[in-house]
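> In my numbering, the protein residues as written are 263 to 406. The C-beta atom is built at its ideal place from N, Cα and C for all residues, glycine as well. None of the values given here were measured: they were computed from a predicted structure. Below you'll find the structure I mean.
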Amino acid sequence: MKTISLAPDQGGGVITMEINISQLYYEIARWRSLLEHYRVENTILKNRLAAALDKNMNENKLASAEHFQNEFLRKDEIINILKHDIHLQEKKLLDGFSADNAFPGKETIVAQDSLRDHICFLEKEFTRLRKEFQHYVLSMQQTG
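Structure (structure tokens):
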């Protein structure tokens with residue numbers, strides 16, 4: 263483990279953090295798995311939307327269906343962008359280490375933190391979208 267100084271704390275000192283490279287790789291592996299889960303779930307939601315529209319198609323529900331289709335497509339885009347960014351981060355981790363330099367630099371840590379924030383945002387947005395879509399499907403079943 264290496265201790266790295268990241269930022270001044272409120273008292274004027276410096277916040278330090280112990281970094282273990284295996285923790286960064288574990289986090290990246292977890293993100294890859296999570297993104298694959300969301301990719302599959304997003305496909306399932308798109309199929310459910312198509313099935314719901316086949317059973318109950320009316321003009322009142324069409325605008326909402328288009329909204330969800332656009333949301334699902336946007337989530338696909340975000341997942342692909344994050345997969346690419348994770349790949350770049352992993353490459354940074356691999357390229358940044360040698361016999362002389364066995365620990366990540368501050369830039370790598372900041373990039374990891376940024377990815378973590380983006381993944382957390384995706385998790386919240388996906389949860390919101392899933393709940394919103396479930397309510398939509400239920401409303402279609404009740405009016406069908």
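1. Between the C-alpha atoms of Glu387 and His349, what's the straight-line distance to the nearest angstrom?
2. DSSP three-state label for Met319, please.
3. Below 8 Å on the Cβ atoms is my guess for Lys345 versus Leu297; work out the distance and round it to an integer in Å.
4. Just to check my reading of the structure: Leu324 and Gln351 have Cβ atoms closer than 8 Å, yes? What is that Cβ distance to the nearest angstrom?
5. For Thr408 versus Lys354, is the C-beta spacing smaller than 9 Å?
6. Run the CB neighbour count on Ala291, radius 10 Å, all protein chains shown included, and call it buried at 16 or more, exposed below.
7. So, at 6 Å on beta carbons, what are the nonlocal neighbours of Lys337 in its own chain, with the 5 sequence-adjacent residues on each side left out?
8. Express the C-alpha separation of Asn320 and Glu385 in angstroms, rounding to a whole number.
9. Output yes or no for whether 9 Å exceeds the beta carbon distance between Met408 and Asn342.
10. Drop a sphere of 10 angstroms on the beta-carbon of Glu328, count the other beta-carbons inside from all chains shown, and report buried for 16 or more, exposed for fewer.
11. Let me confirm a value: Ala361 is counted as buried when at least 16 other C-beta atoms fall within 10 Å, else exposed. Which label applies?
With the given structure in hand:
1. 22 Å
2. coil
3. 6 Å
4. No, Leu324 and Gln351 are not in contact; Cβ-Cβ is about 40 Å, not under 8 Å.
5. Nothing can be reported for residue 408, as the shown portion of the chain is limited to 263 through 406.
6. exposed
7. Asn304
8. 31 Å
9. Summary: the structure shown does not reach residue 408, with the chain confined to residues 263 through 406, and so no result is reported for it.
10. exposed
11. Legend: pLDDT at Ala361 = 49, less than 50; position of this residue unreliable, no value from coordinates given.
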